[in-house]
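Numbering (full-length UniProt numbering), first residue to last: 1 to 540. Idealized CB from N, CA, C, for every residue including glycine. Heads up, the thing below is written out as structure tokens.
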């Protein structure tokens, strides 16, 4: 430590005199001390006030520069030294050194900046604002044959790409082409993984998604899948998952997805479809998710249903009723739900037996599967009276829906259960369905649904309640009273914030109750307004 103290004193004097030889010997001593005990040596450097001297030693043409940058990189490995490095003004001269042509200077500078800004979003954002992204992308292109510099750039990209503010800058460069070109040249698993770690956060941006597709990344990913699908090594399994997951991520962009769909005739689209019947669960999952992503507009959905994709998904689900792979179940149900959105697809999918297959998962205790199951059935029965009638008189389904209407720990499942319960009544307009819902104790949940903060759910509930009142008031009267329907309607009609549709549908229920032929017990509850007063306040 005494030698270090002497070296630090000499460095302070030598830097003032600009004597290169003596500065270099001092720097060598510092590097030796840091290699022996980094934390203690770093603390001593800070204590002796040497950090503020270093910016002047970072001259682009100086032979000392690589060693100075190396010292900064070593010092900044310690968290307690990062703020002092920033306060010493080291970041601006280091950023300038990224324009150097000296490989060693570039390498040590990249290490220094990376260590100073490690795990600090604010400092990383500062680097982005100083324009390091275009500089680093250019470096990657110029020095792609230099393994050390390439890895330095990839590590920097991986850190910076996590920040949303970086995406716009990345999108303005040719990063997609450089990364794809670099990927194509890699044979080692570790190198490919490094590139994957950069691609994943970048591919969250829709502009970069399209750039990656146009640069040929998809073909690279498909090639990885072909070479790893039957692999048993851990690295093969990891690469297969990463490549297929990234493929699905690229399909989340509207433009990139449509470019790969190519009217349903694209080779990429066809290759991805072949994953669904695969024996590999990861590929089954990715294939189903890819279909769900392709099924984001009516044209694609109609084409896919016509081409027989529904049958592939049903066969996949049948394979997972007993195997119970939840992620595959969830993905396949997501795809079916999206495909069922266009009106012209509903009857075809019902004829193909989609509802029967979906009902096989009714016993599932997994909320993600429950949620997608409910959404799929709701989409299928929209405007399909016969299907709504058939499902609405299925006692086991209604019983399960009522159970899930109370799933307070899973708001999505609870909301979808209520909506499906309402949809069965609204689309069937069937007295038998109403009777099944009444017997299954579902009426009270529809009354609660009418108080939802979401107007669409309020209206769906109110329309269903109006149909119940019109089709079987006697059967539902006890449940109406027990659930406080009159009080709910009174509150909705009194609330100035209630939408006109909500008030209208509330009045429809009241008219249905009052026009039933005899005075139901429900009207003995305090409403505080007569029918005439209500009609005057809320005219048709």
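Going by Cα to Cα distance, which pick from 439, 103 and 417 is closest to residue 449? Counting from one through the chain shown, the residue named residue 449 turns up at place 449. It is 417 whose Cα lies nearest to the Cα of residue 449.
Output the distance between the C-alpha atoms of residue 166 and residue 133, rounded to the nearest integer angstrom.
In the chain shown, residue 166 corresponds to position 166, counting from 1. In the chain shown, residue 133 corresponds to position 133, counting from 1. The C-alpha of residue 166 lies about 8 Å from the C-alpha of residue 133.
Among the candidates 160, 433, 240 and 170, whose CA atom is the shortest distance from the CA of residue 193? In the chain shown, residue 193 corresponds to position 193, counting from 1. If we check each option's Cα against that of residue 193, 240 comes out closest.
Next item on the list: Could you pull out every residue in the same chain whose Cβ sits closer than 6 Å to the Cβ of residue 180, ignoring the five residues on either side in sequence?
Entry: Taking the chain shown and counting its residues from 1, one reaches residue 180 at position 180. Only 215, 216 and 217 meet the Cβ criterion.
If I'm right that residue 292 touches residue 345 with Cβ under 8 Å, what's the distance once you round it to whole angstroms? Your numbering for residue 292 matches position 292 in the chain shown. Your numbering for residue 345 matches position 345 in the chain shown. The pair is not a contact, with the Cβ atoms about 14 Å apart (cut-off 8 Å).
* To do: Give the range of the alpha helix (DSSP H) segment to which residue 43 is assigned.
  => By one-based count along the chain shown, residue 43 stands at place 43. Membership of residue 43 in the alpha helix (DSSP H) is indicated by the continuous run 38-47.
Anticipated Cβ contact below 8 Å, residue 69 with residue 97, distance rounded:
On the chain shown, residue 69 is found 69 positions in, with the first residue counted as 1. On the chain shown, residue 97 is found 97 positions in, with the first residue counted as 1. Residue 69 to residue 97, Cβ: 7 Å. Contact.
Task: Own chain residues within Cβ distance below 7 Å of residue 284, not counting five before or after - done: Numbered from 1 along the chain shown, position 284 holds the residue referred to as residue 284. Counting only Cβ-Cβ distances below 7 Å, and skipping sequence neighbours, we find 275, 276, 278, 316 and 328.
* Asked: In or out: residue 35 buried (at least 16 other Cβ within 10 Å) or exposed?
  -> For the purposes of this step, residue 35 is taken as residue 35 along the chain shown, with counting starting at 1. The residue in question, residue 35, is exposed, as its Cβ has fewer than 16 Cβ neighbours within 10 Å.
message: Which complete alpha helix (DSSP H) runs does the stretch 113-199 hold, if anything under 4 residues is left out?
response: 121-129, 132-142, 147-160, 164-171 and 175-184
*To the nearest whole angstrom, what separates the beta carbons of residue 245 and residue 286, a pair I think is in contact under 8 Å?*
In the chain shown, residue 245 corresponds to position 245, counting from 1. In the chain shown, residue 286 corresponds to position 286, counting from 1. Yes, they are in contact, since the Cβ atoms of residue 245 and residue 286 sit about 7 Å apart, within 8 Å.
Buried or exposed (CB count within 10 angstroms, at least 16 for buried), residue 503:
As a position in the chain shown, residue 503 is number 503, starting the count at 1. Per the 10 Å Cβ criterion, buried.
*Do residue 545 and residue 434 have their CB atoms nearer than 8 Å?*
Outside the shown range of the chain (1 to 540) lies residue 545, about which nothing can therefore be said.
DSSP three-state call for residue 454: helix, strand or coil?
Looking up residue 454 in the chain shown gives position 454. Residue state, collapsed to three classes: coil.
Quiz item: Between residue 368 and the rest of its own chain, which residues show a CB-CB distance below 8 Å, the 5 nearest in sequence each way excluded?
Solution: Indexing the chain shown from 1 puts residue 368 at position 368. For residue 368, where only same-chain residues beyond five positions count, the Cβ hits under 8 Å are 326 and 330.
Q.
residue 428 and residue 461 - do their beta-carbons sit closer together than 8 Å?
A. Position 461 of the chain shown, counting from 1, holds the residue named residue 461. Position 428 of the chain shown, counting from 1, holds the residue named residue 428. No, the Cβ-Cβ distance between residue 461 and residue 428 is not below 8 Å.
Completely contained alpha helix (DSSP H) runs for the stretch 219-303, where each covers 4 or more residues: Taken in chain order, the whole alpha helix (DSSP H) runs of length 4 or more contained in the stretch 219-303 are 234-250, 254-261, 267-273 and 281-294.
What are the boundary residues of the alpha helix (DSSP H) that residue 346 is part of?
On the chain shown, residue 346 is found 346 positions in, with the first residue counted as 1. Counting along the chain, the alpha helix (DSSP H) containing residue 346 begins and ends at 343-351.
Check: Short check: CB of residue 212 to CB of residue 250, under 8 Å?
Finding: Numbered from 1 along the chain shown, position 212 holds the residue referred to as residue 212. Numbered from 1 along the chain shown, position 250 holds the residue referred to as residue 250. Cβ distance < 8 Å, so residue 212 and residue 250 count as in contact.
(request) Compute the distance between the beta-carbons of residue 27 and residue 91, then report whether it is under 8 Å. (result) The residue you call residue 27 lines up with position 27 of the chain shown. The residue you call residue 91 lines up with position 91 of the chain shown. Not in contact: residue 27 and residue 91 (Cβ atoms no closer than 8 Å).
- Query: Can you tell which of 305, 364 and 48 has its C-alpha closest to the C-alpha of residue 335?
  - Reply: Walking along the chain shown from the start, residue 335 turns up at place 335. Nearest of 305, 364 and 48 to residue 335, Cα basis: 305.
- Could you round the C-beta distance between residue 513 and residue 469 to whole angstroms and report it? I think they count as a contact, below 8 Å. Locating residue 513 in the chain shown gives position 513, where the first residue counts as 1. Locating residue 469 in the chain shown gives position 469, where the first residue counts as 1. So it is a contact: roughly 5 Å between Cβ atoms.
_Using the Cβ count rule (16 or more neighbours within 10 Å means buried), how would you classify residue 364?_
Taking the chain shown and counting its residues from 1, one reaches residue 364 at position 364. Residue environment for residue 364: buried (at least 16 other C-beta atoms within 10 angstroms of its C-beta).
Checklist line | Endpoints, the alpha helix (DSSP H) within which residue 423 is located | finding: On the chain shown, residue 423 is found 423 positions in, with the first residue counted as 1. Unbroken alpha helix (DSSP H) run through residue 423: 411-428.
Practice item. Return yes when the Cβ of residue 425 is within less than 8 Å of the Cβ of residue 473, no when it is not. Key: Indexing the chain shown from 1 puts residue 473 at position 473. Indexing the chain shown from 1 puts residue 425 at position 425. No, Cβ-Cβ distance for residue 473 and residue 425 is not below 8 Å.
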